[in-house]
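Here's the structure, in structure tokens; my notes come after.
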Amino acid sequence: MAKKGIIAGGIAAAIIISIIIMVLASQFGSETVNLDMQRMHGDISTAMGSPVLGNANAPITIVEFGDYQCEQCYAWYHNTKPAIVQNFIDTGKANLVFVDLAFLGKDSPKAAQATYCAEDQGKYWEFHDILYNSQEHIDNGWANSERLKAFAFSLGLDMELFESCTDSGKYSKRVQYNIDEARKQGANGTPTFFIIDSEGNKQKISGAQPYSVFKNVIDSMI
Amino acid sequence: MFVGLLISLSIISEYIFLEPYIIAHLPEGTEFGLVLIIAVSALSSLVIPMNVYRIRIIQTSKRKISGSVFGSIIGAAAGACSCGPIGFAVISTFGSVGAVTTSFLTNYEIPLRLGAIALLIFVYYTTVRSLKIECQLNK
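Residue numbers (the working numbering), protein chains in the order written: chain A, -6 to 215; chain B, 197 to 335.
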């Protein structure tokens, strides 16, 4: 009789523990971080950078070190990137990874962290796009906490998750890691690009240079 | 002097790139900025040599050259200190003070350059006037 009671108690405890684990998993499951800590492009660690835009197995990778408050990054985003996406990324010849070099103002790291909070909900690139379409003067409030939350709301993100992520500074170390990686690579301004081929050879392009420069470099490396 | 200034300002304002190829690029919406750079370069290359002449040949006061140098520096610094290597170096060296300075110089690039041009025009006008008087006196 006592044995039966112990077995029943054990089963009940196991069921209760399973339920608790399931509830916790359902609450925090969408905040898991999908990081590939081994991700390298040439000698550049992009483990803490953005998700890969385009075909992950493309022969060429473009690593962009950028700041959401940088007007040259804005210029590149609007003038050069569309042609690169159309001719190299959409065709599978190249992919792109964005790595934060958030140095221009106090709102730069906050904006960068917010993109990863959006990534938790599968909307990294949508948030990235909304930032570069909304850029104004440095630290004039366009990228403060309230505006970042407004952007998240407009993208239909779960606001409770997003706010807990941004308010807790969940990704502050991730952004700092990216800034350190940028300095290690000798990026001394934004945007700075590295074009890397499948063998790890890389070519640096500094500044918001025109499409023709990227085309020449990529064509010479394919 | 004009060509040297124009090329230098175009490089730091990212109208000319040296690597991986030497290329000039005028992005859409930045045309007015280039016009202001040309104006600052032209006025600086007029006013600074005139004041150097005043000081070295006529041995007169140094007050006006400080105005012309100040105008040239403001005209050059406005916009140059944004996300490029200069801004990065300033922020890395001076921290938050550097960040505030560079963001000010970036956010008010056009008004600062217009102010610098106004200052250079004023210095040019007063220099020409004083040169006329001083040259007559020396005769």
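Virtual Cβ for every residue (Gly too), placed ideally from N, Cα, C. Nothing here was measured: the structure is a model prediction, and the numbers come from that model.
Cα-Cα separation between residue i and residue j, rounded to whole angstroms
{"i": "Lys142 (chain A)", "j": "Ser213 (chain A)", "result": "42 Å"}
{"i": "Ala216 (chain A)", "j": "Glu156 (chain A)", "result": "No statement about residue 216 (chain A) is possible, as the shown extent of chain A runs from -6 to 215 and does not include it."}
{"i": "Ser240 (chain B)", "j": "Lys328 (chain B)", "result": "20 Å"}
{"i": "Ile313 (chain B)", "j": "Glu139 (chain A)", "result": "39 Å"}
{"i": "Ser161 (chain A)", "j": "Leu242 (chain B)", "result": "56 Å"}
{"i": "Val286 (chain B)", "j": "Ala104 (chain A)", "result": "22 Å"}
{"i": "Asn181 (chain A)", "j": "Ala273 (chain B)", "result": "18 Å"}
{"i": "Glu57 (chain A)", "j": "Tyr249 (chain B)", "result": "49 Å"}
{"i": "Phe21 (chain A)", "j": "Arg309 (chain B)", "result": "Any reading at Phe21 (chain A) needs caution, since the residue's pLDDT is 41, under 50, leaving its predicted position unreliable; the model's value is listed next. Computed Cα separation, rounded: 52 Å."}
{"i": "Ala201 (chain A)", "j": "Ala238 (chain B)", "result": "26 Å"}
{"i": "Met246 (chain B)", "j": "Ile253 (chain B)", "result": "10 Å"}
{"i": "Lys195 (chain A)", "j": "Tyr321 (chain B)", "result": "53 Å"}
{"i": "Ile219 (chain B)", "j": "Ile212 (chain B)", "result": "6 Å"}
{"i": "Ala111 (chain A)", "j": "Phe120 (chain A)", "result": "6 Å"}
{"i": "Pro52 (chain A)", "j": "Val45 (chain A)", "result": "13 Å"}
{"i": "Ile188 (chain A)", "j": "Ile4 (chain A)", "result": "58 Å"}
{"i": "Ile123 (chain A)", "j": "Pro75 (chain A)", "result": "15 Å"}
{"i": "His221 (chain B)", "j": "Glu210 (chain B)", "result": "8 Å"}
{"i": "Ile244 (chain B)", "j": "Ile233 (chain B)", "result": "16 Å"}
{"i": "Val319 (chain B)", "j": "Glu305 (chain B)", "result": "21 Å"}
{"i": "Ala151 (chain B)", "j": "Phe198 (chain B)", "result": "It is not possible to answer for residue 151 (chain B), since the shown part of chain B is limited to 197 through 335."}
{"i": "Ile215 (chain A)", "j": "Gly42 (chain A)", "result": "24 Å"}
{"i": "Glu24 (chain A)", "j": "Thr39 (chain A)", "result": "Note that Glu24 (chain A) scores 39 on pLDDT, short of 50, meaning its location in the model is unreliable; the coordinates nonetheless yield the value given after this. Each residue's Cα considered, the two are about 20 Å apart."}
{"i": "Leu177 (chain A)", "j": "Leu94 (chain A)", "result": "It should be noted that the sequence gives Lys, not Leu, for residue 177 (chain A). About 11 Å."}
{"i": "Ser191 (chain A)", "j": "Met30 (chain A)", "result": "19 Å"}
{"i": "Thr302 (chain B)", "j": "Gly59 (chain A)", "result": "17 Å"}
{"i": "Asp100 (chain A)", "j": "Gln62 (chain A)", "result": "8 Å"}
Bridge-paired residues (DSSP) for residue i
{"i": "Ala220 (chain B)", "result": "B:Ile212"}
{"i": "Ile215 (chain A)", "result": "Answer is none; Ile215 (chain A) lacks a bridge partner."}
{"i": "Thr289 (chain B)", "result": "According to DSSP, which records beta bridges pairwise, Thr289 (chain B) is partnered with nothing at all."}
{"i": "Asn88 (chain A)", "result": "A:Thr54"}
{"i": "Met33 (chain A)", "result": "A:Ser38"}
{"i": "Ser199 (chain A)", "result": "A:Thr185"}
{"i": "Gly59 (chain A)", "result": "A:Asp93"}
{"i": "Leu46 (chain A)", "result": "A:Leu89"}
Buried versus exposed, by CB contacts within 10 Å (16 or more), residue i
{"i": "Tyr132 (chain A)", "result": "Per the sequence presented here, residue 132 (chain A) reads as Asp, with Tyr not at that position. With 16 or more other Cβ atoms within 10 Å, it is buried."}
{"i": "Phe146 (chain A)", "result": "exposed"}
{"i": "Phe91 (chain A)", "result": "buried"}
{"i": "Val206 (chain A)", "result": "buried"}
{"i": "Phe144 (chain A)", "result": "buried"}
{"i": "Asp36 (chain A)", "result": "exposed"}
{"i": "Val210 (chain A)", "result": "buried"}
{"i": "Ser278 (chain B)", "result": "buried"}
{"i": "Ala18 (chain A)", "result": "Any reading at Ala18 (chain A) is ruled out, since the residue's pLDDT is 43, under 50, leaving its predicted position unreliable."}
{"i": "Glu153 (chain A)", "result": "exposed"}
{"i": "Glu227 (chain B)", "result": "exposed"}
{"i": "Lys84 (chain A)", "result": "The displayed chain sequence assigns Thr, not Lys, to residue 84 (chain A). Per the 10 Å Cβ criterion, exposed."}
{"i": "Phe96 (chain A)", "result": "buried"}
{"i": "Thr54 (chain A)", "result": "buried"}
{"i": "Ser206 (chain B)", "result": "buried"}
{"i": "Pro223 (chain B)", "result": "buried"}
{"i": "Gly271 (chain B)", "result": "buried"}
{"i": "Val16 (chain A)", "result": "Summary for Val16 (chain A): the model assigns pLDDT 47, below 50, so the residue's position carries little reliability; its value from the coordinates is reported in the next sentence. It is exposed - the Cβ of Val16 (chain A) has fewer than 16 other Cβ atoms within 10 Å."}
{"i": "Ser199 (chain A)", "result": "buried"}
{"i": "Leu214 (chain B)", "result": "exposed"}
{"i": "Asn171 (chain A)", "result": "buried"}
{"i": "Pro307 (chain B)", "result": "exposed"}
{"i": "Lys116 (chain A)", "result": "buried"}
{"i": "Gly179 (chain A)", "result": "exposed"}
Contact set between residue i and chain A, taken where Cβ atoms lie within less than 7 Å
{"i": "Phe284 (chain B)", "result": "Phe96, Asn181, Gly182"}
{"i": "Pro281 (chain B)", "result": "Asn181, Gly182"}
{"i": "Ser326 (chain B)", "result": "Those within 7 Å of Ser326 (chain B) in chain A number zero; the least Cβ separation is about 40 Å."}
Neighbouring residues, chain B, relative to residue i (Cβ below 7 Å)
{"i": "Ile198 (chain A)", "result": "Pro216"}
{"i": "Pro102 (chain A)", "result": "Here the premise fails: no neighbours, minimum Cβ distance about 11 Å."}
{"i": "Asp132 (chain A)", "result": "Ser299"}
{"i": "Val210 (chain A)", "result": "Pro216"}
Check: residue i C-beta below 8 Å from any heavy atom of the ligand FMN
{"i": "Cys110 (chain A)", "result": "This structure does not include the ligand FMN; it has no bound ligands of any sort."}
Neighbour list for residue i in chain B, Cβ cutoff strictly below 8 Å
{"i": "Gln202 (chain A)", "result": "Phe213, Ile219, His221"}
{"i": "Asn137 (chain A)", "result": "Here the premise fails: no neighbours, minimum Cβ distance about 14 Å."}
{"i": "Asn72 (chain A)", "result": "Pro223, Glu224"}
Under 9 Å by beta carbon: chain B residues contacting residue i
{"i": "Val206 (chain A)", "result": "Phe213, Pro216, Tyr217, Ile219, His221"}
9 Å Cβ cut-off: residues of chain A touching residue i
{"i": "Ser204 (chain B)", "result": "Chain A residues near Ser204 (chain B): none, gap ~15 Å exceeds 9 Å."}
{"i": "Ile244 (chain B)", "result": "The contacting residues do not exist; Ile244 (chain B) stays about 28 Å from chain A at best."}
Under 9 Å (Cβ pairs) to chain B, residues found in the region 58 to 70 of chain A: From the region 58 to 70 of chain A, only Gly59, Asp60, Gln62, Cys63, Glu64, Gln65, Cys66, Ala68, Trp69 have a Cβ closer than 9 Å to chain B.
Counting only Cβ-Cβ distances shorter than 8 Å, please list the residues of the region 106 to 123 of chain A near chain B, keeping chain order. Here the close residues number zero.
Given a limit of 8 Å on CB to CB distance, which residues of the region 230 to 242 of chain B reach chain A? Those would be none; no residue qualifies.
Under 7 Å, CB to CB, which of the residues in the region 206 to 226 of chain B have a partner in chain A? Listed by position, the residues of the region 206 to 226 of chain B near chain A (Cβ gap below 7 Å) are Glu210, Phe213, Glu215, Pro216, Tyr217, Ile219, His221, Pro223, Glu224.
With 7 Å as the C-beta to C-beta threshold (strictly closer), list the residues of the region 289 to 314 of chain B near chain A in chain order. Considering only beta carbons, the part of the region 289 to 314 of chain B lying closer than 7 Å to chain A consists of Ala295, Ser299, Thr302, Asn303, in chain order.
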